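Here's the structure we're looking at; comments come further down.
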Amino acid sequence: MTASATLEIVGYSDSECSPFPCDENRTCGLSSCAPSGSLVKAFEALKSRVLKEFGECVTLKLTLLDDGAPDYIREIYERDHPAIPMILIEGKVIPVGRISWEPIRDAIASELQA
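Position one of the sequence shown corresponds to residue 1 (full-length UniProt numbering), numbered consecutively onward.
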């Protein structure tokens, strides 16, 4: 049996991907979405990297909060108060606070090895 994991990014359609500037000094490890700073474009760039490195064993999900938060997201937010964009692996908050390849990649690898 092959290990699998679900990576979920939670935010708003007009959210930025990071509190840091999306310029030539960015440290997120993604380039196909630059210099947009867009959460949605960064999600697509992240999805491409995840699929390239981990293949089909990682399911990616973008949950937009524009029309309200699902109950499980509301519960996570009330309990943990994570930053937006919220990064979840298997429903657990990964305290990154931005879309950044290295910490997300490392969290996925840890989950797949568990």
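Note that the Cβ used here is the ideal one computed from N, Cα and C, for glycine as well. No experiment lies behind these values; they were computed from the predicted model shown.
Problem set entry | Contiguous beta strand (DSSP E) assignments of at least 3 residues, all confined to the stretch 29-107 | 58-64, 86-89
Exercise. Quick one, are the C-beta atoms of Leu7 and Ile104 less than 9 Å apart?
Worked result: Locating residue 7 in the sequence shown gives position 7, counting from the first residue. Locating residue 104 in the sequence shown gives position 104, counting from the first residue. Closer than 9 Å, so yes.
For this session: Just tell me which of Arg49, Arg79, Val40, Glu44 has its CA closest to the CA of Leu65.
Result: Residue mapping note: residue 65 aligns to position 65 of the sequence shown, counting from 1. Nearest option by C-alpha distance: Val40.
Exercise. Hey, would you say Cys22 sits closer than 9 Å to Phe43, going by beta carbons?
Worked result: Locating residue 22 in the sequence shown gives position 22, counting from the first residue. Locating residue 43 in the sequence shown gives position 43, counting from the first residue. It is not a contact, given that the beta carbons lie outside the stated cut-off.
Problem set entry | Start-to-end residues for the beta strand (DSSP E) that takes in Thr6 | Residue mapping note: residue 6 aligns to position 6 of the sequence shown, counting from 1. Here the beta strand (DSSP E) through Thr6 covers 5-11.
Exercise. From Ala5 to Tyr77, what does the alpha carbon distance come to, in whole angstroms?
Worked result: Counting from one through the sequence shown, the residue named residue 5 turns up at place 5. Counting from one through the sequence shown, the residue named residue 77 turns up at place 77. One C-alpha to the other measures close to 21 Å.
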